[in-house]
Each structure stands twice: as C-alpha cells, then as structure tokens.
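Peer 1: Sequential numbering of the sequence shown, starting at 914, is according to our numbering. Backbone N, C-alpha and C fix where the C-beta goes; we use that ideal spot for every residue, glycine too. For clarity, every value in this text was computed on a predicted model and none was experimentally measured.
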Amino acid sequence: KTVVVLGNARSGTSMTSGLLSILGVNMNPVDNPSDQNPKGSFEDKDFIGITTKMHQDLKAGKTRTQISEAWTPELKSLIGTKSGLWGFKSGLTHFHLDTIHPLLEDPHYVVVARNLVNNARSFVIHQRDNYRNHVSLEDALINMADSAQILCRCLVNINSPRHYICYEDIKKDSVMEITRLADFLQVRITQEQRKEAAEFILAEYSTLE
C-alpha cells in the first residue's frame, strides 16, 4: 500500500504522519523538530520538494498538462525507489492529485481535517514566525476554506480507500485514532504501539500560541 496523507497546512498532517510511522508505515521522515512541530513533521523531503515546485509552476500560470508532463518523470523515479508499506504527506499534494494518483500502487488516502478557525489561526502564526509574512485571519480563512474545497473535489472521482481523521480527535484520544488507522490499513497493532501513540501527543502543546 501507498499511504497518502492529505490535508491543509497546519491541519494535523504531521501528527497523523507520526501515528502512521508508529504503525510501521515508512514515511521517510526528516528529523526536524521545531517550536511548531515539536515531534517533527514526519515528511519526505523529496516529495515536499517536488510538490512545492509543482505548485510554484501552477502559481506561475503553467497549465496542468504542462506541469504533469514536466514532473511525471521525476515522480515516477522517486516512487520507483519505494517498496513495502510506505507513504508521504505534503500540504500541497491535493492540488496535484490528478498527476500523482495514477502513478501510485494501491493508494490509501488519509484525509486530515481541523476546525477551520483554528486551522486559519495556526496558519497565521506559522506564516508570521517562519516567513515573517503577516496574513490576516480573514485571508487565512479564505485560503484554508478554498484549499479544503479543492481537496474534497479532487477525491470525488477517485475510488481508492480513504479514511477521515480530525486534529481534535487525535488530541483527545490518540490511541483510539491509531487503532482506527490500523483497521483502515489492515495492519496489526500492538500494545506497545498504542502506548507509543499515547506518549506521542503532547496534551499541553498548542499551535495557537
């Protein structure tokens, strides 16, 4: 299976990828803990790099056909290096799923959502602290809402298995959520993994501070 984590930036995709890693899904994470992701982002830098460049092309006005033709060879090459139960996440994947999906073997989609206002607030803080970009809450709400709509629409014509998970539910009961992920992926989960999931979530940590 290929496990693809989809979701807005600052919606809980890193937490979700962390739980998947505990389950044994190879997310090929870079060890990059930060103030806003104290356990790390659990993302594959190569997929982040490609999806970022694809999105830059989209913003520059290139057509989807041009983007697909330009990046499909590199995507195929990268995917060809993977095997077993593996996955990746990027907050930009859903913008380009029409190109990426046909290249994947047995894709299973994990779709992450978060309270829209808090998602926008976290985005504002992330942009301010990391990039010194001052984004208004209203603009962030529009950005997050538009992105979520694109994400939902890109899945309409895809018949692959999908699992929906919420930021708030992970924070409330990470053991329950990792158990549901294990059921979705049809993988065995141990008591040790459940314990690790419980310890993985920092109850007092907030992305809104």
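Can the beta-carbon of THR964 be found less than 9 angstroms from the beta-carbon of LEU1005?
Peer 2: It is a contact, given that the beta carbons lie within the stated cut-off.
Peer 1: Inspect the CB distances between the segment 1049 to 1067 and the segment 934 to 948 and report whether three or more fall short of 8 angstroms.
Peer 2: No, the segment 1049 to 1067 does not touch the segment 934 to 948.
Peer 1: In the DSSP assignment, the alpha helix (DSSP H) including ALA1053 goes from what residue to what residue?
Peer 2: Counting along the chain, the alpha helix (DSSP H) containing ALA1053 begins and ends at 1050 to 1068.
Peer 1: Give the secondary structure of PHE1036 by DSSP, where H, G and I count as helix, E and B as strand, and everything else as coil.
Peer 2: DSSP places PHE1036 in helix when its eight states are reduced to three.
Peer 1: On the DSSP bridge list, what partners appear for GLY1004?
Peer 2: Paired residues: none, contrary to the question.
Peer 1: Using the Cα positions of LYS958 and ASP970, report the straight-line distance between them to the nearest angstrom.
Peer 2: Straight-line Cα distance between these residues: approximately 18 angstroms.
Peer 1: Judging by CA-CA distance, which residue of ILE1063, GLU1018, SER981 and PHE1008 is the nearest neighbour of TRP999?
Peer 2: Among ILE1063, GLU1018, SER981 and PHE1008, the Cα nearest to that of TRP999 is on GLU1018.
Peer 1: Does the separation of the CB atoms of CYS1066 and SER924 fall below 9 angstroms?
Peer 2: Rather than Cys, the amino acid found at residue 1066 in this sequence is Arg. No, the Cβ-Cβ distance between ARG1066 and SER924 is not below 9 angstroms.
Peer 1: Are the Cβ atoms of LEU1115 and SER1035 separated by less than 9 angstroms?
Peer 2: Their beta carbons are not under 9 angstroms apart, which means LEU1115 does not touch SER1035 by this criterion.
Peer 1: Under a Cβ-count criterion, where at least 16 other Cβ atoms within 10 Å of its own Cβ denotes burial, should VAL1023 be classed as buried or exposed?
Peer 2: Looking at its Cβ environment, which holds 16 or more other Cβ atoms inside 10 Å, VAL1023 is buried.
Peer 1: So what's LEU991 in DSSP terms, helix, strand or just coil?
Peer 2: Three-state result, LEU991: helix.
Peer 1: Tell me the DSSP secondary structure of THR915 in three-state form.
Peer 2: If DSSP states are grouped into helix, strand and coil, THR915 belongs with the strands.
Peer 1: With DSSP as the reference, identify every bridge partner of ILE1137, one or two as the case may be.
Peer 2: As displayed, the chain neither begins before 914 nor continues past 1122, which places residue 1137 out of reach and without an answer.
Peer 1: List the residues that DSSP assigns as beta-bridge partners of HIS1047.
Peer 2: In the DSSP output, where bridge partners are listed per residue, HIS1047 has none listed.
Peer 1: Starting from ALA1110, follow the alpha helix (DSSP H) in both directions and report where the run begins and ends.
Peer 2: Per DSSP, ALA1110 belongs to the alpha helix (DSSP H) from 1104 to 1113.
Peer 1: Along the beta strand (DSSP E) that carries HIS1021, what are the first and last residues, could you check?
Peer 2: 1020 to 1026 is the extent of the beta strand (DSSP E) around HIS1021.
Peer 1: Grab the span of the alpha helix (DSSP H) containing ILE1071 for me, first residue to last.
Peer 2: Neither: ILE1071 is in no alpha helix (DSSP H) and is coded neither H nor E.
Peer 1: Going by alpha carbons, who is nearest to PHE1001 out of GLU1117, ILE1063, VAL916 and GLU1109?
Peer 2: With distances taken between Cα atoms, PHE1001 lies closest to VAL916.
Peer 1: If I measure Cβ to Cβ from GLY920 and keep anything under 6 angstroms in the same chain, skipping five residues before and after, which residues do I get?
Peer 2: Contacts found: THR926 and VAL1025.
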